[in-house]
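**Q**
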Ligand SMILES: [Zn+2]
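Residue numbers (my numbering): 6 to 301.
#1: Candidates 106, 187 and 257: which alpha carbon is nearest residue 245's?
#2: Tell me whether residue 298 counts as near ligand 1, meaning its Cβ is closer than 7 Å to at least one heavy atom of that ligand.
#3: For residue 215, which residues in the same chain have their Cβ closer than 7 Å to its Cβ, ignoring the five residues on either side in sequence?
#4: Assess, as a yes-or-no matter, whether the stretch 199-207 is touched by the stretch 144-158 under the definition of 3 or more beta carbon pairs within less than 8 Å.
#5: For the 8 Å Cβ check, are there 3 or more pairs between the stretch 127-140 and the stretch 101-111?
#6: Do residue 254 and residue 187 have their C-beta atoms closer together than 8 Å?
#7: So within the stretch 190-217, which uninterrupted beta strand (DSSP E) runs reach at least 3 residues, ignoring any that extend past its ends?
#8: On the CB-based measure, 16 or more other CB atoms within 10 Å of its CB, does residue 268 come out buried or exposed?
#9: Under the assumption that residue 279 contacts residue 263 (Cβ atoms under 8 Å), give the Cβ distance between them as a whole number of angstroms.
#10: Count the other CB atoms, across all protein chains shown, that sit within 10 Å of the CB of residue 165; report buried if there are 16 or more and exposed otherwise.
#11: So which of 285, 193 and 184 has the shortest CA-CA distance to residue 252?
#12: Measure the alpha-carbon distance for residue 261 versus residue 239 and round it to whole angstroms.
#13: Have a look at residue 191 and residue 285 and give me their C-alpha separation to the nearest angstrom.
#14: Give the DSSP bridge partners of residue 239, in chain order.
#15: Does any heavy atom of ligand 1 sit closer than 7 Å to the C-beta of residue 211?
#16: Nearest-angstrom Cα distance between residue 38 and residue 70?
#17: May I ask whether a heavy atom of ligand 1 can be found less than 7 Å away from the beta carbon of residue 308?
#18: Using 7 Å as the cut-off, classify the Cβ of residue 197 as near or not near the heavy atoms of ligand 1, replying yes or no.
#19: Count the other C-beta atoms from every protein chain shown that fall within 10 angstroms of the C-beta of residue 116, then say buried if there are 16 or more, exposed otherwise.
#20: For residue 22, which three-state DSSP category applies?
#21: Please report how far the alpha carbon of residue 72 lies from the alpha carbon of residue 91, in whole angstroms.
#22: According to DSSP, is residue 129 part of a helix, a strand, or is it coil?
#23: Measuring from the CB of residue 116, is there a heavy atom of ligand 1 at a distance below 7 Å?
#24: For residue 259, verify whether its CB is less than 7 Å away from any heavy atom of ligand 1.
#25: Report the three-state DSSP secondary structure of residue 113 (helix, strand or coil).
#26: Less than 8 Å between the beta carbons of residue 123 and residue 77, yes or no?
#27: Sort 211, 67 and 87 by Cα distance to residue 148 and report the nearest one.
#28: Residue 121 and residue 64 look like a contact to me (Cβ under 8 Å); what is the Cβ gap, rounded to whole Å?
#29: Given this structure, state the Cα-to-Cα distance separating residue 159 from residue 229, to the nearest angstrom.
#30: So residue 178 and residue 112 are in contact, right, with Cβ under 8 Å, and what is the actual spacing, rounded?
#31: Would you grab the beta carbon distance between residue 83 and residue 94 for me? Rounded to a whole angstrom, and I think it's under 8 Å.
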């Protein structure tokens, strides 16, 4: 009757395997030679290994003082939020650094795009199941899955999202800006229209919805976007009472795609203000890449 010893052996092996799996949540390379064993004879991580695991939870070789320095220019409410949940913040920032650089690039009155910047994957929207206010609107192909999902979900709630202006080349923006200056004067034009090279529309990921007027904010579609756009990676670029920061009057119709990770970070840590988030990324991107490179 050798069944009992065989069962004991199987139980022993299964238990060891489970413990190993649990350790590997942090680090696949557990079980170095010389590791101590537990009372079941399974290897358990030593001090050096635990230190390594802790380090793996923080993707950057960054001290608290260095993080405080990085966020020093932000409002105190945002600084407090980041320091309260710094572990989660840094993990999300680590993911944000894997995005293509242009996804979170800062484009504003002080940070223009090169005149010859044209995204490579622009597509004409005529053949897509989208409602366009005019033909031949263009966007980057990369944002279409999230845009189409947003449009379909809005439609399920009886909301039609109308796209009215999308990609604009440097030349097109130049024409629009010059027309605004001639029509309204330079001071007024600069509050409402970007100079060529300084428009988010040149990125090919920015959409003006609906009527492109202040009234859009109180329409069902305008209200739906304010509540839901972030879930699909779209961010309101020029919120109310932020002209002093963004350089532009409130534009309830103007949304830029910054990815779902981007809008999650913006919402959870930057009070939903795109400009604060993108300034942070612009100022710290290189340092964060360096701090990541020396963390491993
Ligand atoms: Zn716009």
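Using N, Cα and C, we set each Cβ at its ideal position, and we do this for glycine too.
**A** The relevant details are as follows:
#1: 257
#2: no
#3: 167, 169, 221, 224, 226, 227 and 258
#4: no
#5: no
#6: no
#7: 211-214
#8: buried
#9: 7 Å
#10: exposed
#11: 193
#12: 6 Å
#13: 30 Å
#14: 262
#15: yes
#16: Note that residue 38 scores a pLDDT of 42, beneath 50, so its modelled location is shaky and nothing firm can be said.
#17: Outside the shown range of the chain (6 to 301) lies residue 308, about which nothing can therefore be said.
#18: no
#19: exposed
#20: Any reading at residue 22 needs caution, since the residue's pLDDT is 43, under 50, leaving its predicted position unreliable; the model's value is listed next. Helix.
#21: 9 Å
#22: strand
#23: no
#24: yes
#25: strand
#26: no
#27: 211
#28: About 35 Å separates the two Cβ atoms, so there is no contact after all.
#29: 8 Å
#30: Between residue 112 and residue 178 the Cβ distance is about 11 Å, and since that is not below 8 Å, they are no contact.
#31: Going by Cβ atoms, the distance from residue 83 to residue 94 rounds to 10 Å, so no, they are not a contact pair.
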